[in-house]
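Encoded as structure tokens, the structure appears first; notes follow it.
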Amino acid sequence: MAENKTKQAEVEATEAVSVEAPVLSEAQTNPEKFLKEFDWHNYEEGIEQVEDKKLAEFEKLVSENFVDTLNDEVVEGVVIHITDRDAIIDINAKSEGVISLNEFRYNPNLKVGDKVEVLIDVREDATGQLVLSHRKARVIKAWDRVNAAHDSGEIVNGFVKCRTKGGMIVDVFGIEAFLPGSQIDVKPIRDYDQYVNKTMEFKVVKINHEFKNIVVSHKALIEADIEEQKKEIIAQLEKGQVLEGVVKNITSYGVFIDLGGVDGLIHITDLSWSRINHPNEIVELDQKLNVVILDFDEDKSRIQLGLKQLSKHPWEALAEDVKVGDKVKGKVVVIADYGAFVEVAEGVEGLIHVSEMSWSTHLRSAQDFVSVGDEVEAQILTLDREERKMSLGIKQLTPDPWTDITGKYPVGSKHTGKVRNFTNFGVFVELEEGIDGLIYISDLSWTKKIKHPSEFCAVGDELEVIVLELDVEGRKLSLGHKQTTENPWDKYETEFALNTVHTAAISEVVDKGATIQFNEDIVAFVPSRHLEKEDGSKLKKGEEAEFKIIEFNKDFKRVVASHMAVHKEEEAKIVKAAAKKAANAAAEAKPTLGDANDALQALKDKMDGKK
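Under the numbering used here, read the sequence shown as residues 321 to 931, first letter to last.
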């Protein structure tokens, strides 16, 4: 059909432009007439001039039967034939175009006679074939429709193809658009897969022409309706009003509730009368529940909600027969340095101060006694229903160890205790839970001079002790450790009595003398002048010699020794012996009184160091 049209037009065009050929015989016979009527246009242009009337008729014929087949132009065509692989499309041009059926996969019911939009890709290829594209035509038309929808705000339908990072891919007019996760709905979406393969309504919210990106939103369609609902709800809000809502989001500090377009917050402290660690212990996402309006700001944009306020306060429901002295059981819900809070009934808590956890006088952290979640039994110490306060005690459930202290720990009794802590003046030793005693630093050792208790023992060490004093009213025990052994100074008092002589070496030389160590307990001091030897020189460090004890104080553990006293005493003995010998000789020789005086004078001079 198209080919017949083409041939007919060509014939008509040929007939329209044909002219009679010049007769040569006439030119030859009549040269003047030939030159006068010669067609110079045909000679110069190479074609014969067509009459304007016939040329207009030809242009009209072409415009009525052919389309202007410009490249990259979208035109409407008709399917005139379908093969197994292609569709033949007539666009009213010189020839038909062929388009692969793959471009019509979205339309499996394509048939002869259907009108389709096509893009003239190439007007005539190397084989003279008109190259068309339906897919490109759809893309161009789709972009036009998308732009129009964006400008007018028109609602478009789209098919959700798949999920991608941050949102979904939506097919709109055959073009892939991006649907951000935040634009799917007004509430957070947790399951994106539920929207895949669904057709939904969207609004085109953004177009990037440079990168050919399209962003659509489903949320924008429902926000307008929600805004109207929101205004109605806000206008009716009143404190104390009870509304139904849906749990929209759960955080560590509270729960956001959707009241039908308006969001309110239930703080974690307003979820339950009991203490909770996280709101998900009480509610779950998408849960419907009733809430009460506690407060809101002037423009009602921030709404504070409550859940626990819908139920009676637990203190009001506490039985009237609960009183001070009763034993109660509960669960530890919170621990602080100063104590632990125990929930004895839902929403009713009591504080066990750390001082009420043990009879021990050494205050420790509450974590040393209980842990969160522990089930404990305690005794009610105080109860104030108006202030809704209760104090509890654990140690009251066990006997006070000080009640029979005189029988268990009489003065003079010997025991073993554990070192708990130090002070500058002594060591606290625990004999049993609640019974502590103090060992003064002077009662730690008979012989060692201790500046700080940490030099003698460590925390956790076990020490044997003797009860020295007992103050029942003041709940105080005075203990001693050195008293568990004999006082070696009682023995040393005899061994190192005054004027006894002992051999030792000089340990250290100091400014005013030196020190010598007789044994592991006895360190004696030798004054500087008592270091003098017989020849007048002084003893040096490491030099061994004999020393006489010239002072011994058991109470102050002070021992003073002298080397000079040893050889001075020896000299005195020699002088005394010589005097006695001289006296005996004088008696035998009967010397004169003058001779005796001379002899005595010589001995005296010798003792005084004179020649």
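Ideal Cβ positions, reconstructed from N, Cα and C, are used throughout, including at glycine.
- Annotation: Asp724 is outside any alpha helix (DSSP H) and is labelled neither H nor E by DSSP.
- With a 10 Å radius around the Cβ and a threshold of 16 neighbouring Cβ atoms, Pro730 comes out exposed.
- Taking the Cβ atoms as the reference, Leu790 lies roughly 6 Å from Leu797, within the contact range of under 8 Å.
- Here Leu818 carries a coil assignment [DSSP, helix/strand/coil].
- Counted as a single uninterrupted DSSP element, the alpha helix (DSSP H) harbouring Ile460 occupies residues His454 to Ser472.
- The Cβ atoms of Ile546 and Val506 sit closer than 7 Å to each other.
- When DSSP states are grouped into helix, strand and coil, Asp441 belongs to the strand group.
- By the beta-carbon neighbour count (other beta carbons within 10 angstroms, threshold 16), Pro508 is exposed.
- Using a C-beta cut-off of 8 Å, the segment 465 to 479 makes no contact with the segment 426 to 435, since fewer than three inter-stretch Cβ pairs fall below that distance.
- Taken through DSSP and simplified to helix, strand or coil, Ile755 comes out as strand.
- In the pairwise beta carbon analysis, the segment 703 to 712 is classified as touching the segment 668 to 678: at least three pairs are separated by under 8 Å.
- In the displayed model, Pro773 falls within a helix according to three-state DSSP.
- Here DSSP, grouped into helix, strand and coil, assigns Met488 to strand.
- Sequence-distant partners of Gly417 (beyond 5 residues in either direction) whose C-beta falls short of 6 Å from its own C-beta, in its chain, are Ile409, Leu450 and Leu452.
- In this structure, DSSP gives His598 a state outside helix and strand, which the three-state scheme calls coil.
- The criterion of a C-beta distance shorter than 7 Å is not satisfied by Gly397 and Val459.
- The beta-carbon separation of Val567 and Phe522, rounded to 27 Å, does not stay under the 8 Å limit for a contact.
- Residue environment for Val747: buried (at least 16 other C-beta atoms within 10 angstroms of its C-beta).
- Take Ala881, set aside five residues on each side of it, and the residues of its chain with a beta-carbon closer than 7 Å to its own are Ile836, Ala844, Val846, Phe867, Lys868, Ile869 and Ile870, in chain order.
- Beyond the five residues adjoining it in sequence on each side, Ala686 comes within less than 8 Å, by CB distance, of Ile655, Ala656, Asp657, Tyr658, Gly659, Ala660, Ile672, Val674 and Met677 in the same chain, given in chain order.
- In the three-state DSSP reduction, Asp578 falls in the strand class (E or B).
- According to DSSP, residue pairing for Asn412 in a beta bridge does not occur.
- Annotation for Glu564: Lys608 and Asn610 place their beta carbon closer than 7 Å to its own, counting only its chain and skipping 5 residues before and after.
- Assignment of Val779 by DSSP, reduced to helix, strand and coil, places it in the coil class.
- Taking a contact as a CB-CB distance under 8 Å, the pair Glu863 and Ala825 counts as one, their CB atoms being some 7 Å apart.
- Partner residues in a beta bridge of His529, as assigned by DSSP, do not exist.
- No Cβ-Cβ contact shorter than 7 Å links Val787 with Gly737.
- Taken through DSSP and simplified to helix, strand or coil, Met520 comes out as strand.
- Taking Leu585 as reference, the option from Ala540, Asp606 and Ile623 with the minimal CA-CA separation is Ile623.
- Gly727 and Val792 have their C-alpha atoms spaced approximately 11 Å apart.
- Our two residues, Glu552 and Asp583, have alpha carbons roughly 14 Å apart in a direct line.
- Ile570 has its alpha-carbon roughly 24 Å from the corresponding atom of Val692.
- Straight through space, the alpha carbons of Lys550 and Lys539 are spaced by roughly 15 Å.
- Rounded to whole angstroms, the Cβ separation of Gly560 and Ile613 is 7 Å, and the two are in contact under 8 Å.
- Proximity of the segment 525 to 536 to the segment 595 to 602 falls short of the contact definition, fewer than three beta-carbon pairs being nearer than 8 Å.
- Here Gly487 is buried. Its C-beta has 16 or more other C-beta atoms within 10 Å.
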